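The structure under discussion appears below in the form of structure tokens.
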Amino acid sequence: MKKNAMKSASLLLATATSLGLVLSGCGSNNAGNNGAASPSASAPASESASPSESASPSASAESIGAGKKIGMATDTGGVNDKSFNQQAWEALEKVAKDTGAEAKYLESKKDADYQPNLNQFVKDGYALTWGIGFLFDDAMKTVAEQNPDAQLALIDSTVDMPNVQSVLFKENEGSFLVGVVAGMMTETNNIGFVGGMELPVIKKFEAGFKAGVAAVNPDAVVNTNYVGDFSKPDLGKLAAATLYDGGADIVFHAAGGSGNGVFTEAKDRLSAGKKVWVIGVDKDQSLEFGSEVTLTSMMKKVDEAVYKVTSEALSGNFQGGTTTVLGLAEGGVGLPADNPNVPQEVLDKVEEYKQKIISGEIAVPTE
Amino acid sequence: MSDNRSFREWSRIFVASSLWVPIIAIVLGLVCGALVMWIGGYNAFEAYGALFDKVFGSKYDIGETVRTITPLLFTGLSVGFAFRAGLFNIGADGQFIMGMTGATLIGIKIDFLPWIVHAPLTLVGGMLIGGLWGALAGYLKSSRGVNEVISCIMLNWIALYLSNYLIRTLVLKPGTQRSELIRDSASMSIRWLSSFMENARMDWGIVVGLICTSLFYIVLWRTKQGYELRAVGFNPEAARFSGINVPKNMLKSMMIAGMFAGIGGVFEVLGVFHYQVISAASAGYGFDGIAVALLGGNHPVGILLSSILFGVLTYGSAGMNFSASVPTEIVRIVIGCIIFFVASQGLIQMLYKPFMARREAKRKEAA
Amino acid sequence: MGQAVPVVELKGITKRFPGIVANDSISLDLRQGEIHALLGENGAGKSTLMSILFGLYQPDEGEIRINGNKETIDGPGKAIKLGIGMVHQHFKLVQNFTVAENIVLGIEPRRGMAIDYRRANDRVRQLSEQYGLKVDPEVKIEEITVGMQQRVEILKTLYRGAEILIFDEPTAVLTVQEIQELIRILRSLAAEGKSIILITHKLKEIMEVSDRVTVIRRGKVVDTLATAETNESELAEKMVGRRVSFEMETQRCEPGGVLVRIDKLTCQGAGKGKNILEEISMHIRAGEIYGLAGVDGNGQKELVEAIAGLRPIHSGSVRLGDSDLTQAGVRERMAAGMAQIPEDRQKHGLVLDFAVSENMVLTAYADDRFGKRGFLNDKEIRRHAVRLAHEFDVRSAGIQVPMRSLSGGNQQKAIIARELTREPRLLIAVQPTRGLDIGAIEFVHERLMQAKNEGKAILLVSYELDELYKLSDRIAVINEGRIMGELEREDVSDEKLGLMMAGHRINGTNKAEVRHERQPEF
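Chains as they are written, first to last, in the working numbering: chain S, 1 to 367; chain H, 368 to 734; chain A, 735 to 1256.
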């Protein structure tokens, strides 16, 4: 979701223009040569997800992908966004390794690139083509209409076409659980939420989180602060500072790259002697930002979904026209396996609510 | 005889200023890109081959390349026109966005007109709003002496957020981050051509762009208004002494520049997307336009050629990534280098002057 | 001649640039203690020759001997080492440094790590006294006059031990008084044993100060003469290559009635303080050249701008014929018959990047004859330019080349051609011959006289008294934004003008005004 901020930043003079281009050229993609992962590539898949177990590669799985190609078009955030583009790509690399298929990605630099990028894969006869993110909505629909034989898949949005498989997540359910953690562990009864942009998908995070807090601690207030951008860590830091200054001791962010600023603010406060917590998003962010500020994370297992749908498609089970919704029951969202900062009684409570949600006893709101 | 003379004059107008500089800059830029690729362990020949394959490989790609060129042509004309009157229109980006917004609003809100009226009306509407945005910076410059670079940068941000606000409040498609689709009666897409070009997004933009290119020439070199603008651009003091109203001409030039950029935005909506997204950052066509104008020497033919070059490089970069696994950033490096070499003309002249002098001497000896 | 070895000896110096031979086998010798003038028109090759001597260029052929020794001067550093100093036309001084700081720049006397300013000041003061330069080492450059700055440049060369001084057009930027002062300094330098090369195209100065003259034309030495044995017209003839007339035959056709009335014109300056122009009145008759004398910077520029409509008028009026133009814009005044030859031709008079033909219509392009309905009639513009270039002898490689490629004289001719063919009723000419060589000056003067004889009113603003004497019917003097007085041609004398330029009103003033008020008017 990270937007291409580098480019808009520094184009004052002609020389500055060229400099800016060179900088953005050099700076943004050091893993560009991973554009194609052959089966032999030693691709490290994400730690938490264990797709290899679920798909338990049998002798046949080794060869189902042979000679087949899978493509993925990123949104403008690029493949190294530390968010879902990266997760999805890591999953595809793993698929490639496990099945012998060939995987490739194309980065979209502008909105206008979505359609040609999808078309590139489709016209090259790829077995499955991914569009990562709700921004692909319209492009996916057009390409699907124009190429009825192509097999396409989409994350975070639904396209109602017989040759598109859509994957959605119940972010509200996972957020409910981290809301439970926050509600039980807050000492000030003041909790913060930093959102990227006021999109329906981010609203789902917020709604679930608030419901979770309210379920265990009705006295606690949740203040929200929307940054308006997914790639401005400085604004994320500012938003977090406002919340912490207002008395919050725990802040949950669903702000992509802007969320990095939330961690920075928390670390600054920690080194100034004030203990505050951040709840991460998408991945187990304690791995990146350290467990001294990361309370826990709301994981959205894009990698698992991508792995699963891709493997199925390779073995001939592409479910075009369907929408896969991954919630707690399906293991698509949830807390990391390892939560060193959360006491056992809180984890017990989390488990309790998890079961209630799965059983349908609690229906988590989406907005 | 007269043919010979008219050719000389024709070529003098835009070639004499040195055709060599851009050509050598392009070659050097490509060489620099090759060098970087070589350092990174890629095969430059293969990469550039893939780039051109991508652009000319299929009808679809040719069509999409034209689609990539169109906005660059418009913003290039915009920046170039203002340059001719001595102003640095760094605000083409904002004017482009306002053109998009105007087209979106008029294209959606008016629903009772036939195509023959609605589409041109939307075009003119978007153009005027873009022109207004340029005129704003022009007004601040001419009546208040505000440096146009500064006001343009400010207006770029205002345009972005104003546009987001207008779309969100007036024409938002519920549950998404984009506007409704524009009415079919406002569409500028050319369906039959699109289906001929294998579903590439073809629209009237390039045709209008070529018309604007000739208008650029006619206005500046064939009218008294253009004479005034150029006089102001080259020497505002001498223009003042000869009774030309310098502030008024600055205002006019910014308005016309804004109109060019505005039309570019119009076709992005009416031709390419048919809707406008709420976006945290602009697509940066305005900034690309600075590079296009610079390389094109602010002459319409030069701008046309350089927009084609940049369009080809930009669209082809995806192919380079796809077929030769070279990161697309390399192309940004190439473009950056070209601009750098154009901007540092002295460097290039140093390279070719002795060569030219030798040739001159030889010719004399021969004569 | 059996004298001592010349300090500088140039033998057969040839320097070629692409397309031209700037110096064609030039030989020249400079004797100890001599002032040797190097005379030639713009582009004759004087500056190239001196750049070779100062090490900025290398000659293609020929040799340089300094004090009898053959030397290769490969850069200014070497030249300075050999005792050669150059005073450039455009000074190379740091504006916010003091005089002494500028002089010692690069070779500062040191005490430990620090610069020894006291020693620098003392040394500069001592040099200044030795040659009678009267320079205060401790003031900043930005606070002193142009003439003073030039002396700082002279001191710079002396401080570096120069024995041979090259002056490149030193009088171009100076006022009359400053020129006299410079001539005195040159003499005292020569008397102290310094050898001087003076590059110039002004004959009067040469006659006054030099011992010998070398005339260069088109890269070749025409002649070297002892100044005492020649005269101005001989030199001029050698320089230009043909006879030159000095005295304008003053066909004094009687001026007509008053055409231009400027009454009590007052303009405010940038600050609130005093007015930059204070109640200026002048009446100019048809067929009259009205000269305006004064030291540069006393309001001439502002007055011209106010008359031309480029500067707001606070009070008073400007009238041309029957029309009151006090509030009119530039274009309106042009339409009423005003034309201007601006002082800075490149900045105000021309668009250097425009073609010659485009410049020829800069003040007339809006006319219907150059295009209708907003379009330009290219053919007519070109025809016009060809005609003007022919009539006024504007030499260029064609009317489509940029104005930038023309020489200064031809650029000025182009402006004069453009403005005079507009058939103005009032022509304002400001320093119309600045920086031009003799041939071009002659041409400009002739054209001005011709315009006068055709019945145009001309306001001639000049800092060169000779020019005013030669052309004007009446001369007024401006000082600090006020008119100090107005003299008929017969009454003019150096002394009177000098007094007025220094700020004294003289008695004749009122009488002149009264008399002219009595003139019959039409």
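Ideal Cβ positions, reconstructed from N, Cα and C, are used throughout, including at glycine. Please read all numbers here as calculations on a predicted model, not as lab measurements.
Three-state secondary structure assigned by DSSP to residue i
i	result
methionine 161 of chain S	coil
serine 38 of chain S	The pLDDT assigned to serine 38 of chain S is 42, lower than 50, so where the model puts this residue is not dependable; a value taken from the coordinates is nonetheless given after this. Correct three-state label for serine 38 of chain S: coil.
alanine 1191 of chain A	strand
alanine 241 of chain S	helix
glycine 360 of chain S	coil
tyrosine 1024 of chain A	strand
alanine 153 of chain S	strand
glutamate 565 of chain H	coil
alanine 1174 of chain A	helix
tyrosine 644 of chain H	Position check: residue 644 of chain H holds valine in this sequence, whereas tyrosine was assumed. Valine 644 of chain H falls in the strand class under three-state DSSP.
valine 403 of chain H	helix
leucine 21 of chain S	Legend: pLDDT at leucine 21 of chain S = 40, less than 50; position of this residue unreliable, no value from coordinates given.
alanine 470 of chain H	helix
aspartate 902 of chain A	strand
valine 422 of chain H	helix
valine 974 of chain A	helix
lysine 804 of chain A	strand
threonine 948 of chain A	strand
valine 873 of chain A	coil
Amino acids of chain A, ordered along the chain, whose beta-carbon sits closer than 9 Å to that of residue i
i	result
glutamine 592 of chain H	Gly1108
Under 8 Å from the C-beta of residue i: neighbouring residues of chain A
i	result
alanine 605 of chain H	Lys1081, His1082, Gly1083, Leu1084, Val1085, Leu1096
Residue interval of the alpha helix (DSSP H) (run including residue i)
i	result
alanine 214 of chain S	200-216
serine 620 of chain H	613-634
glutamine 285 of chain S	Element bounds for glutamine 285 of chain S: n/a, residue is neither H nor E.
arginine 1138 of chain A	Segment: none, arginine 1138 of chain A is in no alpha helix (DSSP H) and carries neither H nor E.
valine 1164 of chain A	Note, valine 1164 of chain A: premise wrong, no alpha helix (DSSP H); beta strand (DSSP E) at 1160-1164.
histidine 770 of chain A	Looking at the DSSP string, histidine 770 of chain A is not in any alpha helix (DSSP H); the run it does join, the beta strand (DSSP E), is 769-773.
histidine 253 of chain S	Segment 250-254 is the beta strand (DSSP E) holding histidine 253 of chain S; no alpha helix (DSSP H) there.
Amino acids of chain H, ordered along the chain, whose beta-carbon sits closer than 8 Å to that of residue i
i	result
leucine 1044 of chain A	Arg607, Phe608
proline 1076 of chain A	Phe608
valine 1064 of chain A	Arg607, Phe608, Ser609, Gly610
Nearest to residue i (by Cα), restricted to the options the options
i	options	result
arginine 951 of chain A	A:Gly1108, A:Glu939, A:Lys972, A:Arg1079	A:Lys972
serine 1257 of chain A	A:Arg995, A:Ile913, A:Glu912	As displayed, chain A neither begins before 735 nor continues past 1256, which places residue 1257 of chain A out of reach and without an answer.
leucine 527 of chain H	H:Gln462, H:Gly542, H:Ser510	H:Gln462
isoleucine 627 of chain H	H:Phe423, H:Gly493, H:Leu548	The amino acid at residue 627 of chain H is misidentified as isoleucine; the sequence shows phenylalanine. Ranking the options by Cα distance to phenylalanine 627 of chain H, first place goes to H:Gly493.
asparagine 612 of chain H	H:Glu595, H:Trp559, H:Met622	H:Glu595
glutamate 1222 of chain A	A:Ile1209, A:Leu959, A:Gly1215, A:Arg1216	A:Ile1209
isoleucine 1082 of chain A	A:Ala1042, A:Arg1067, A:Arg1103	The residue you asked about is not isoleucine; residue 1082 of chain A is histidine in the sequence shown. Nearest option by C-alpha distance: A:Ala1042.
serine 445 of chain H	H:Leu671, H:Ser684, H:Ser546	H:Leu671
lysine 354 of chain S	S:Asn172, S:Ala88, S:Trp130	S:Asn172
alanine 248 of chain S	S:Lys104, S:Tyr126, S:Ala182	S:Ala182
methionine 1235 of chain A	A:Glu805, A:Gln1061, A:Leu916, A:Leu1026	A:Leu1026
valine 755 of chain A	A:Ile930, A:Val1226, A:Lys745, A:Thr782	A:Thr782
glutamate 876 of chain A	A:Asn830, A:Glu795, A:Leu920, A:Gly927	A:Asn830
glycine 331 of chain S	S:Thr74, S:Asn317, S:Lys300, S:Val180	S:Lys300
7 Å Cβ cut-off: residues of chain A touching residue i
i	result
arginine 589 of chain H	Phe1109, Leu1110
Contact list for residue i against chain H, beta-carbon separation under 7 Å
i	result
phenylalanine 751 of chain A	By Cβ distance, chain H contributes nothing, its closest Cβ being about 11 Å from phenylalanine 751 of chain A, past 7 Å.
Proximal residues of chain H, C-beta to C-beta of residue i below 9 Å
i	result
methionine 406 of chain S	Residue 406 of chain S is absent from the model: chain S starts at 1 and stops at 367.
Terminal residues of the beta strand (DSSP E) in which residue i lies
i	result
tyrosine 226 of chain S	221-226
glutamine 1002 of chain A	992-1002
With 7 Å as the C-beta to C-beta threshold (strictly closer), list the residues of the stretch 1099-1127 of chain A near chain H in chain order.
Tyr1099, Ala1100, Gly1105, Gly1108, Phe1109, Leu1110
Determine which residues of the stretch 621-640 of chain H have a Cβ less than 9 Å from any Cβ of chain S, and write them out in chain order.
Glu635, Val639, Phe640
When Cβ atoms are compared, which residues of the stretch 554-576 of chain H fall closer than 9 Å to chain S?
Glu565, Asn566, Ala567, Arg568
Any C-beta of chain S within less than 7 Å: which residues of the stretch 677-689 of chain H qualify?
Ala685, Asn688, Phe689
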